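**Student:** First the structure, then my questions, so here it is.
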Amino acid sequence: MMERTANSNRKHIALFGRRNAGKSSLFNLILEQNISLVSDF
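Residue numbers (my numbering): -2 to 38.
Laid out in C-alpha cells, this is it:
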C-alpha cells in the first residue's frame, strides 16, 4: 500500500474520460499497484 504522507507533500492527479475507458487500469499501471478498482464490464 501507499505510505502515508503529509498533506503538503501529496500530489493530485485527475483522469477524465468515458466509463469503462481504462482510467483505473491506467492509474494502477502508473502507480505499479492495484489501488483503483477495475471491473470486466
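Backbone N, C-alpha and C define an ideal beta-carbon position, used for all residues, glycine too. What you are looking at is a predicted structure, and each value in this text was computed from that prediction instead of being measured.
Going along the chain, which residues of its own chain have a beta-carbon closer than 6 Å to the beta-carbon of residue 21, five neighbours each way excluded?
**Tutor:** In the sequence shown, counting from the first residue as 1, residue 21 sits at position 24. Closer than 6 Å at the Cβ level, and outside the excluded window around residue 21, lie 33, 35.
**Student:** Pick helix, strand or coil for residue 17, following the three-state DSSP scheme.
**Tutor:** Within the sequence shown, residue 17 is the residue found at index 20, counting from 1. Residue 17: coil per DSSP, three-state reduction.
**Student:** Pull up the CB-CB distance for residue 23 and residue 12, whole angstroms please, since I reckon it's below 8 Å.
**Tutor:** Along the sequence shown, read from residue 1 onward, the residue named residue 23 stands at position 26. Along the sequence shown, read from residue 1 onward, the residue named residue 12 stands at position 15. Correct: roughly 7 Å between the Cβ atoms.
**Student:** Pull up the CB-CB distance for residue 17 and residue 25, whole angstroms please, since I reckon it's below 8 Å.
**Tutor:** What you label residue 17 is simply residue 20 of the sequence shown in a count that begins at 1. What you label residue 25 is simply residue 28 of the sequence shown in a count that begins at 1. About 15 Å separates the two Cβ atoms, so there is no contact after all.
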